[in-house]
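Colleague:
Protein chains in written order, with the working numbering: chain A, 376 to 489; chain B, 247 to 358.
1. In its own chain, which residues sit with a C-beta less than 7 Å from the C-beta of residue 488 (chain A), not counting the 5 before and 5 after it?
2. Taking 7 Å as the limit between beta carbons, can you name the residues of its chain near residue 254 (chain B), skipping five residues before and five after?
3. Roughly how many angstroms separate the alpha carbons of residue 282 (chain B) and residue 484 (chain A), rounded to a whole number?
4. Since residue 311 (chain B) and residue 300 (chain B) should fall inside the 8 Å C-beta cutoff, what is the C-beta to C-beta distance between them, to a whole number of angstroms?
5. Counting only the same chain and skipping the five closest in sequence on each side, list residues whose C-beta sits under 8 Å from that of residue 247 (chain B).
6. Can the beta-carbon of residue 335 (chain B) be found closer than 8 Å to that of residue 344 (chain B)?
7. So, residue 354 (chain B) versus residue 329 (chain B), is the Cβ gap smaller than 8 Å?
8. For residue 338 (chain B) and chain A, any beta-carbon pair shorter than 8 Å?
9. Considering only their Cβ atoms, is the gap separating residue 445 (chain A) from residue 403 (chain A) smaller than 8 Å?
10. Just list the alpha helix (DSSP H) runs in the segment 281–348 of chain B, keeping only unbroken ones of 4 residues or longer that don't cross its boundaries, in chain order.
11. Report the residue from B:260, B:278 and B:284 whose alpha carbon sits nearest the alpha carbon of residue 252 (chain B).
12. Nearest to residue 455 (chain A) by CA position, among A:447, A:448, A:449 and A:437, is which residue?
13. For residue 482 (chain A), go through chain B and note every residue whose CB falls closer than 8 Å to its CB, in chain order.
14. Is residue 459 (chain A) helix, strand or coil when you go by DSSP?
15. With DSSP as the reference, label residue 403 (chain A) as helix, strand or coil.
16. DSSP beta-bridge partners for residue 396 (chain A)?
17. In this structure, how does DSSP classify residue 436 (chain A) when only helix, strand and coil are distinguished?
18. Determine the contact status of residue 433 (chain A) and residue 419 (chain A), defining contact as a CB-CB distance below 8 Å.
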């Protein structure tokens, strides 16, 4: 069964460093999402991406964040200058359709900022 | 505003019993979805109920939606130890492009 994959599973970085989190969505899906979950808190929407551009973004998704679909398969989230409060689990999701679509989540990347 | 708030926050039951989790939300929605998360793992989609539906079943899961009260419930019948996980409701807000707003979740523990 097709699934969303994410790499790495765990990333440790120093404050101020750039990180790139990678996702491979399900191949025939058109809508892509990033969410994050700070330990013990709710899952929060960051950004949605469709047709090679951002569809929606939350207040969390500020200028430090960017997303890219560099080729036909990868979907990346870049954090330019990490802060301690960026430590969280980051989930990628994909869906065959936007509204009323089931979203398939990857296993997540645990980001630890020291 | 908060969206998709579940209660109870934690629920502990014996295997074989039914588990009911509730979710409330504040804005108009396209649909409401329930997800499950095992500790430290990703989210698994369980069921989606559209705003014009009132009840939906999938195996041992039954979901209801009351848009007048802006609430939903998830019932797991004949629970098993393997059902132990956190359960989240998520709303796909009206007018959005599908981004989901999650609640804080209910942590379900099913004892064998």
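For glycine and all other residues, C-beta sits at the position ideal for the given N, C-alpha and C. These numbers were taken from a predicted model, which means no experiment stands behind them.
Modeller: Answer, in terms of the structure:
1. For residue 488 (chain A), the CB contacts under 7 Å within the same chain, skipping 5 residues up- and downstream, are 388, 390, 457, 458, 459, 461 and 462 in chain order.
2. 352
3. Roughly 18 Å separates the two Cα atoms.
4. 6 Å
5. Legend: pLDDT at residue 247 (chain B) = 34, less than 50; position of this residue unreliable, value from coordinates given subsequently. Counting only Cβ-Cβ distances below 8 Å, and skipping sequence neighbours, we find 272 and 273.
6. no
7. Yes, they are a contact pair.
8. yes
9. no
10. none
11. With respect to the C-alpha of residue 252 (chain B), the residue from B:260, B:278 and B:284 having the closest C-alpha is B:278.
12. A:437
13. 287 and 288
14. helix
15. coil
16. A:452
17. Three-state DSSP puts residue 436 (chain A) in coil, outside helix and strand.
18. yes
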